[in-house]
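At position 177 of the sequence shown the residue is numbered 167 (the working numbering), and the sequence of numbers has no breaks.
Working notes, beginning with the structure itself.
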Amino acid sequence: MTATNETKLKALAIKLFEINAFKFGDFKMKVGINSPVYFDLRVIVSYPDVMDTLADLIQEFMKTKKLNYNHVCGVPYTALPIATLISVKDNTPMLIRRKEAKDYGTKKLIEGKFAANETCLIIEDVVTSGSSIMDTVKDLRSEGLNVTDSIVVVDREQGGALNTENNGVKMHSLFTLSYLLKVLLDAGKVEKSTVEAVSKYIETCQIRVDGTFMNENAKVVNKLARTSMTFDSRADLAKSDLSKNLFKLMSIKKSNLCVAADLTKCDEILNLAKLIGSHICILKLHADIIEDFNQDFIASLKSISKMHNFLIMEDRKFADIGNTVALQYSGGVFRISEWADLVTAHSLPGQNVLKGLKSRMGDQLKNRGVFLLAELSSAGNLITPNYTTATMKIATEGCDIDVVTGVVSQNNVLDNPGLIQLTPGVKLEQGGDELGQQYNTPLHVVKEKGADIGVVGRGIYEAKNMAVAAENYRNALWSAYCERVGLNSD
């Protein structure tokens, strides 16, 4: 590969990471094991420039291999758009293999014109064991076609190349997982500890084509599971700049306490902020319940937040069409976009709720973030597991993930260690109130429910000594986090 193409290859690797085409965390794989890294190249269909660059690099890569073939065939379904571009750029006929034969019409399993003994080149996006390639090879060979080679975008280096070669198919990979890790490390996108954790996983988890371990005594230990990682190590995996900053802030202050200032007077909130500011990472407001809200109040609160190094969240729970959300965020009497570091939003309107917010962040984009509501702490709420799953998809896929700081949830619904779980309803004693609010202890929400940040309201602002109460909650939440990740809390 030429020096120019090598530069393009490295740039593409970084771009794929930035658009979340591959991510680090704790993911269940098709072969049935958990992995610290996951590739989802389906997202590239939303980035035509990335697809074009990838197709050009694959075409150049194919030329260097001097392969002989009459057709190309993408492994269904993720590799189909890639194979289509290769077919057009290479002026080579394409075949389409169905996962199942139609029960109507021609009932063909392989679509396209071909003759017996012609050769077909397989195109695949990501290979773990090689089983998907071999499924396609089997169907092509059953139609009388020869298959001797495959072009793969990413080889996870877990046995796929060996498995396919043992079945007469040589695998040629544009990227290996080791190469991608080195590029990201050199570019400062991941820490050395992340590279070492994934490399150890690759070494341990070599897989046969049937999905079983080559080493039957192998023990899989995923060191990139979100709840076992420190905030410092997770900062490098965050796609949102504010997430990175919040991780670092929590680590420096040794605080994962968010206080809900559900108070109705400006002076009450300012007094609370002064008393507890040194103990918190976030102060959460509901601007629309403040009876004497004014911009002088905001100026004073921002000054206190800078003095004590905490972020301000407006718990607005945006839930409208993109244009309306944009106006609610930037206009009206509150002008939230001017002062709130963080806001909350429902995913009910879909991706456009993020687009609306992002459209009004302007040059403050790096200093702004959104928490999406995946679950609620009130009894009898109508959020379903499917809704929570859909919310997580919005938080981790698409063009607007750079503004998503994390999710609000009651349970461990996060796989991505670059996102932050914020859990309301924290009290030193479990229970509930007459309006359906459910409370859990700091230890329970952090260790059992996966909370990174615990939200405390009345337990602090109704206390006789708010500063002491805040310190107690801070210590309890931080100790629970340290216990979870194996750190000394001192």
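Backbone N, C-alpha and C define an ideal beta-carbon position, used for all residues, glycine too.
message: Does residue 408 come out as helix, strand or coil in the three-state DSSP assignment?
response: coil
- request: Taking 7 Å as the cut-off, decide whether the C-beta atoms of residue 154 and residue 120 are in contact.
  value: yes
- request: Give me the Cβ distance between residue 111 and residue 57, rounded to the nearest whole Å; I'm assuming they're in contact under 8 Å.
  value: Between residue 111 and residue 57, the beta carbon gap of about 6 Å places them in contact (Cβ cut-off 8 Å).
message: Which same chain residues end up closer than 8 Å to residue 378 when comparing Cβ atoms and leaving out the 5 residues on each side of it in sequence?
response: Contacts found: 364, 365, 399, 403.
- request: Pull up the distance between the alpha-carbon of residue 132 and that of residue 139, whole angstroms please.
  value: 16 Å
- prompt: Between the region 160 to 173 and the region -8 to 8, are three or more C-beta pairs nearer than 8 Å?
  reply: In the pairwise beta carbon analysis, the region 160 to 173 is classified as touching the region -8 to 8: at least three pairs are separated by under 8 Å.
field: Supposed close pair residue 142, residue 117 - CB separation, criterion 8 Å
entry: 5 Å
query: Quick check: the region 271 to 286 against the region 300 to 311, are there 3 or more CB pairs under 8 Å?
result: yes
- request: Sort out for me which residues DSSP pairs residue 351 with in a bridge.
  value: Answer is none; residue 351 lacks a bridge partner.
Cβ-based neighbour list, residue 106, same chain, cut-off 7 Å, excluding 5 preceding and 5 following: Apart from sequence neighbours up to five positions away, the residues of its chain that approach residue 106 with a beta-carbon distance below 7 Å are 134, ordered along the chain.
Option nearest residue 241 by Cα separation, candidates 9, 160, 475: Checking every option, the nearest Cα to that of residue 241 belongs to 475.
field: Between the CA atoms of residue 457 and residue 265 - distance to the nearest angstrom
entry: Distance between the alpha carbons of residue 265 and residue 457 is about 5 Å.
- request: Could you tell me if residue 224 is buried or exposed, where buried requires 16 or more neighbouring beta carbons within 10 angstroms of its beta carbon?
  value: buried
task: With a threshold of 16 other CB atoms inside 10 Å of the CB of residue 73, please say whether the residue is buried or exposed.
output: Looking at its Cβ environment, which holds 16 or more other Cβ atoms inside 10 Å, residue 73 is buried.
query: In whole angstroms, what separates the C-alpha of residue 87 from that of residue 157?
result: C-alpha separation (whole angstroms): 19 Å.
One or two residues paired with residue 304 in a DSSP bridge: 275, 333
message: For residue 244, which residues in the same chain have their Cβ closer than 6 Å to its Cβ, ignoring the five residues on either side in sequence?
response: 468
- request: Mind checking which residues open and close the beta strand (DSSP E) that includes residue 26?
  value: 24 to 29
- request: Check each candidate in 406, 54, 349, 438 and name the one with the smallest Cα separation from residue 162.
  value: 54
- prompt: Should residue 160 be labelled buried (16 or more other beta-carbon atoms within 10 Å of its own) or exposed?
  reply: exposed
message: Three Cβ pairs or more, each shorter than 8 Å: is that satisfied between the region 381 to 396 and the region 339 to 349?
response: yes
task: Please report how far the alpha carbon of residue 358 lies from the alpha carbon of residue 315, in whole angstroms.
output: Rounded to the nearest whole angstrom, the CA to CA distance from residue 358 to residue 315 is 15 Å.
- prompt: Can you give the Cα-Cα distance for residue 414 and residue 236, rounded to whole angstroms?
  reply: 17 Å
query: Does the region 441 to 455 come within contact of the region 44 to 53, defined as at least 3 CB pairs closer than 8 Å?
result: no
task: Give the single residue among 255, 337, 182 whose Cα lies nearest to the Cα of residue 376.
output: Among 255, 337, 182, the Cα nearest to that of residue 376 belongs to 337.
query: Ordered along the chain, which non-local residues of its own chain (more than five positions away) have a Cβ less than 6 Å from that of residue 348?
result: 390, 393
message: Runs of 3 residues minimum, wholly inside the region 136 to 183: which ones carry the beta strand (DSSP E) assignment?
response: 139 to 145, 160 to 166
query: Would residue 115 be called buried (16 or more neighbouring beta carbons within 10 Å of its own) or exposed?
result: For residue 115, the number of other beta carbons within 10 angstroms of its own is at least 16, and it is reported as buried.
- prompt: Looking at the structure shown, is residue 65 part of a helix, part of a strand, or coil, going by DSSP?
  reply: coil
- request: Compute the Euclidean distance between the alpha carbons of residue 418 and residue 294, then round it to the nearest angstrom.
  value: 27 Å
Beta-carbon gap between residue 227 and residue 408 smaller than 7 Å: Against a cut-off of 7 Å, the Cβ pair of residue 408 and residue 227 comes out as a contact.
task: From the DSSP output, in three-state form, read off residue 250 for me.
output: strand
Straight-line Cα distance separating residue 15 from residue 406: 5 Å
- prompt: Can you tell me the Cα-Cα spacing of residue 525 and residue 192, whole angstroms?
  reply: Because the chain here runs from -9 to 480, residue 525 falls outside it and cannot be looked at.
query: Of the choices 327, 101, 440, 472, whose alpha-carbon is the least far from that of residue 356?
result: 327
Proximity test, Cβ basis, 7 Å: residue 85 and chain D: The structure shown has no chain D; it contains just one protein chain.
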